[in-house]
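As structure tokens, the structure follows; a few thoughts come after it.
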Amino acid sequence: MESWFSSGIDFHIVNSKLLGEPTRFQRAVSSLSFAYSKDDEVNRYFAELELLKGVPLSYMVPDTAMLPPESLRIFYLDPNWVTCLLDGGLSIGRHSTQDIEHDNMALPGIRTVSYANSMNVRNLRCNAALTESEPQQVRTGFLLNSQLASGWPGLEVRCYQNGTELQLLRLEHLTDSILLCIVDGEMEEIEFTQPNQSLYFGFNEEGGEIEQDLVSLKEGEVGRSLDQSVPIPFRNKDKDFGVIDIGNLICSILQELGDNQGKYFSAVEFASEMIYKRCRCRIQIKRGKGDGI
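Letter by letter, the sequence shown follows residues 30 to 322 in the numbering used here.
Laid out in structure tokens, this is it:
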């Protein structure tokens, strides 16, 4: 099976200062050949470094005061810092000035290839379709330290730029309560959604009133949240009795839905209305005049 990694090899492009020295030139080509190996493990190692895989949390957050409990910190991924990180990865087995020259010559090419390969690191792990889109020049992310991360390990995250969803490159718990996210592009909005597996029947209770939010059942719009709700009727008009008056509830739902009804209203549609709507929170990022967020 063909490797999903790109090798990006072009051994005809070398530093011109070596052209007059055949011996060193041959050694440089040999070194580059190894550096651009099609070995999946080598390429995966550099692609994961692009996403800070293996970087200790204390390097990203040197002081705990920078990421206190119940906080969210947005960041840009500094390409110069990542280049230094990859240079550290290349330093294994570096013993002489010649090794340094070879590594310096190989690093720009390795960075280009690993940057492109990092687009598919998460897709491969999630058994998702591999992307062939070109990576953007800017990458951003966030660190979330919250009970939101520990309470819902399967928390769903989506990031947007100009209304377009950005590709998630890494979404991983660094600790039980700290979540790291890196996306391809400059995020402007972050959306957190309660995991699908936590769905159940339930209602909202505010100010002593128990209500159910409604969703559209209209063809082509099924599941779309509506700014409508119905009170939950109880038998004997006693909510402490705890038995719902299903007949009256169905009548209330159909009356409130109006034009948002579907062709049928069976047990399936009723269940769709009774599912407790997942909690969803969208955060809009506002930037100042400087580079900070």
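Think of the CB as a built atom: it goes at the ideal place given N, C-alpha and C, for glycine as much as any other residue.
query                                                                                                                                       : result
Rounding to the nearest angstrom, what Cα-Cα distance links H202 and I312 in this structure?                                                : 20 Å
Does the pairing of the segment 259-268 with the segment 170-189 give three or more beta-carbon distances under 8 Å?                        : no
Distance cutoff 9 Å, beta carbons only. Does Q176 sit that close to anything in chain C?                                                    : Although the question refers to chain C, the structure presented lacks it and comprises just one protein chain.
Would you check if the segment 191-198 and the segment 69-76 touch, i.e. whether three or more CB-CB distances between them fall below 8 Å? : no
Which residue spans inside the segment 146-196 form an unbroken alpha helix (DSSP H) run of at least 4?                                     : 150-154 and 176-180
I need the straight-line Cα distance from D213 to D256, nearest angstrom please.                                                            : 33 Å
Reducing DSSP to helix, strand and coil, say where F294 ends up.                                                                            : coil
The alpha helix (DSSP H) that contains R73, what's its start and end?                                                                       : D69 to L78
CA-CA distance, V251 and S245?                                                                                                              : 5 Å
Counting only runs that start and end within the segment 235-286, where is the alpha helix (DSSP H) found for 4 or more residues in a row?  : 275-286
Would you kindly work out how many angstroms separate the C-alpha atoms of E130 and Q165, rounded to a whole number?                        : 29 Å
Do S136 and L159 have their C-beta atoms closer together than 9 Å?                                                                          : Reading off the sequence shown, one finds Leu at residue 136, where the question assumed Ser. The answer is no: Cβ separation not under 9 Å.
Near G321, what residues of its chain come up, given a Cβ to Cβ distance below 8 Å and the 5 sequence neighbours on each side ignored?      : Reliability of the predicted coordinates at G321 is poor, the pLDDT of 43 falling under 50, and the value obtained from them is presented with this limitation in mind. No residues qualify anywhere along the chain.
Could you say which of L243, V297 and V272 lies nearest to D288 if we only look at CA atoms?                                                : L243
Can the beta-carbon of S143 be found less than 9 Å from the beta-carbon of Q196?                                                            : no
Quick one: give me the first and last residue of the beta strand (DSSP E) that L101 is part of.                                             : S100 to Y105
Check for me: the beta strand (DSSP E) holding C210 runs from which residue to which?                                                       : I207 to D213
Check whether the Cβ atoms of L78 and L172 sit closer than 9 Å, and answer yes or no.                                                       : no
At which residues does the beta strand (DSSP E) containing T222 begin and terminate?                                                        : E218 to T222
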